[in-house]
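> One structure follows; several queries about it will come next.
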Amino acid sequence: MAVILNCATFLSEDIDRADPKRKDVDEILKAGERASALTSQLLSFSRREIVKAEILDLNHVISGIKSLLQRTARESIEVELDLFPVLNPTKIDRGQLEQIIMNLSVNALDAMPEGGRVVVKTANVAVDEAAVRRYPGLRSGEYVTLAVSDTGRGMSSEARARAFEPFFTTKPRGAGTGLGLSTVYGIAQQAGGHVIIDNGADAGTTFTVYLPATSVRVEQTPLPVDASGDERRSRETILVVEDEDGVRSVVDRILSREGYEVVTAASGPEALETFVRHSGPIHLLLTDVVMPGMSGKELADRVKKANPETPVIYMSGYPEQITTQEGVEAGQTYIQKPFTARELLSKVRDVNLSATGSF
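Below, the structure is given as structure tokens:
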């Protein structure tokens, strides 16, 4: 799936919007994104996804996936962002927060087959006892809220009552999994928050996610950019270890286009030989977890014996119990397959490569 998503993205960047083939490429991208989202939903629903909570600015995360939101929407639908200018931070896994945003946005888009408007709004909210009585399950305190509204027909009382049930859907057969909203609810609850559904006065529906606010300030990093390589050029060297040829090639291309020097290996033993023979410093090890012969964790351990300061990012499409069996512990830097170029580059940028030395 990572190969499909990213190769389609490469094509999309190279094909002019007026080209009739562009529509086909966009459809491939949308199908790939839906399949990727389903994978994440299944992993979250089964509690098998590796979670790494961090202090985040919700506005910053929304802005980082703004282009994806707009690309997902049909031409007949307007996407509007109404972001509160000074938003309190919250503590949650970045991937899960992005999943909440996308799941609610896609749900809103599906509610308007004939077109309309989606509004994504953020706010700081103090929940008092009156609100707690009105919305059972919500607790008093300071929250950051994400509200996604549509101008569709609204939801019946029965649909609202069952909206968060796993596999419940009002969509035609084959058009929905019934996991999108239950996943949103599960993530919010896991983060100590809640989700509320309100119908509009005339039409439409608003889903509001309440996430506990924190007083810890966010150390802001630059928003992710497309992998064009024009806005950021770096000569840091990354060793990519992946046994699947297609994924290895795609990762190489993503990083190279961004300006990194990339050396690749198809196995742990080949990677060890590569870093021994490499003439310059290698600043990051990006390795698959499950590989024949030598696991990514074993490879990382041997690399760190040579240079303890070398950062490692693990890649895997397997659920958490498999990666745990392979020795990857919670809290280690990890990216779930399938991933997009934006997600990979964001993860790499989070690592301080300049502080590392050579092997």
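Position 115 (the sequence shown) corresponds to 390 in the working numbering; numbering is contiguous. The beta-carbon is built from N, C-alpha and C at its ideal position, and this holds for glycine as well.
Along the chain, where does the beta strand (DSSP E) that runs through GLU329 open and close?
Taken as a continuous stretch (DSSP letters only), the beta strand (DSSP E) holding GLU329 covers 328–331.
> Determine the contact status of PHE482 and VAL423, defining contact as a CB-CB distance below 9 Å.
Against a cut-off of 9 Å, the Cβ pair of VAL423 and PHE482 comes out as a contact.
> Cβ atoms of SER542 and ASP518: under 9 Å apart, would you say?
Yes, the pair counts as a contact, with Cβ atoms nearer than the cut-off.
> How long is the line joining the alpha carbons of GLN607 and ILE462, rounded to whole angstroms?
Roughly 20 Å between the two C-alpha positions.
> Just to confirm my understanding: we take GLU618, look at its own chain, exclude 5 residues before and 5 after, and list those with CB closer than 7 Å. What are they?
Once the five neighbours on either side are set aside, the close Cβ partners of GLU618 are ILE610.
> Note the first and the last residue of the continuous beta strand (DSSP E) segment covering ARG349.
Unbroken run through ARG349: none, as it is neither H nor E.
> Look at the alpha carbon of PHE285 and the alpha carbon of VAL522, and state the distance between them as a whole number of angstroms.
The alpha-carbon atoms of PHE285 and VAL522 are separated by roughly 14 Å.
> Going by beta-carbon coordinates alone, are TYR418 and VAL393 separated by less than 9 Å?
Taking 9 Å as the Cβ cut-off, TYR418 and VAL393 do not qualify as a contacting pair.
> Check the C-beta distance from THR549 over to VAL538 and give it rounded, since I have them as a contact under 8 Å.
THR549 to VAL538, Cβ: 6 Å. Contact.
> Just to confirm, is the Cβ distance from ILE376 to ALA328 under 9 Å?
Going by C-beta atoms, ILE376 is not nearer than 9 Å to ALA328.
> Below 8 Å on the Cβ atoms is my contact criterion, and I expect GLY455 with ASN382 to pass it. Report the Cβ-Cβ distance as a whole number of Å.
About 6 Å separates the two Cβ atoms, so the contact holds.
> With distances taken between CB atoms, is the gap from GLU373 to ILE340 smaller than 9 Å?
Yes. Within cutoff.
> Alpha carbon to alpha carbon, what distance is there between LEU343 and ARG349?
Rounded to whole angstroms, ARG349 to LEU343 spans 12 Å at the Cα level.
> What residue ranges within the region 352–386 form continuous beta strand (DSSP E) runs of no fewer than 3 residues, ordered along the chain?
You should have 352–357 and 365–368.
> With 16 other CB atoms within 10 Å as the buried threshold, where does VAL459 fall?
Buried.
> Kindly indicate the opening and closing residues of the beta strand (DSSP E) around ASP294.
Premise fails: ASP294 is in no beta strand (DSSP E) and is neither H nor E.
> Under 7 Å Cβ to Cβ from CYS282, same chain only, skipping five residues before and after it: list those, please.
Here the set comprises VAL525.
> For ALA581 and VAL551, I'd like the C-alpha separation in whole angstroms.
Looking at the two C-alpha atoms, the distance is approximately 10 Å.
> To the nearest angstrom, report how far apart ILE352 and GLY391 are at their CA atoms.
For ILE352 and GLY391, the distance between alpha carbons rounds to 5 Å.
> Compute the Euclidean distance between the alpha carbons of GLN465 and ALA386, then round it to the nearest angstrom.
So the two alpha carbons sit approximately 27 Å from each other.
> Note down the Cα distance separating ALA406 from SER431, rounded to an integer number of angstroms.
Between ALA406 and SER431, the C-alpha separation is close to 22 Å.
> On the DSSP letters alone, give me the boundaries of the beta strand (DSSP E) that ARG392 sits inside.
ARG392 -> beta strand (DSSP E) spans 391–402.
> Could you give the DSSP three-state label for LEU620: helix, strand or coil?
Correct three-state label for LEU620: helix.
> Which residues share a DSSP beta bridge with VAL423?
Answer by DSSP bridge pairing, in chain order: VAL395 and PHE482.
> Considering only the alpha carbon of each residue, which of SER380, ALA398 and ASN378 lies closest to ASP357?
Of SER380, ALA398 and ASN378, the residue nearest in Cα terms is ALA398.
> What did DSSP end up calling PRO544 once you bin it into helix, strand or coil?
Helix.
> Distance check for HIS469 and THR480, CA to CA, integer angstroms please.
Cα to Cα, THR480 sits roughly 17 Å from HIS469.
> Looking at C-alpha atoms only, which residue of ASN474, VAL515, GLU545 and ASP520 is the closest neighbour of GLU531?
It is Ser, not Glu, that sits at residue 531 in the sequence shown. For the residues ASN474, VAL515, GLU545 and ASP520, the minimum Cα distance to SER531 belongs to VAL515.
> If distances are taken between C-alpha atoms only, which option among PRO388, LEU560 and LEU547 comes closest to GLY568?
Here the closest residue by C-alpha is LEU547.
> From LYS572 to VAL564, what distance separates their C-alpha atoms?
The alpha-carbon atoms of LYS572 and VAL564 are separated by roughly 6 Å.
> Suppose only complete runs of 3+ residues qualify. What are the beta strand (DSSP E) ranges in the region 522–575, listed by chain order?
Listed in chain order, the complete beta strand (DSSP E) runs (minimum 3 residues) inside the region 522–575 are 536–540 and 559–563.
> Per DSSP, which one or two residues make a beta bridge with TYR609?
DSSP, once it has assigned bridges, lists TYR589 as partnering TYR609.
> Taking the C-alpha atoms as reference points, what is the distance between ARG297 and ILE303?
Taking the straight line from one Cα to the other gives about 10 Å.
> In whole angstroms, what is the alpha-carbon distance linking GLY427 and ARG408?
Going by the C-alpha atoms only, they are around 28 Å apart.
> Go ahead and label ASP332 buried or exposed: buried means 16 or more other beta carbons lie within 10 angstroms of its beta carbon, across all protein chains shown.
So ASP332 ends up on the buried side.
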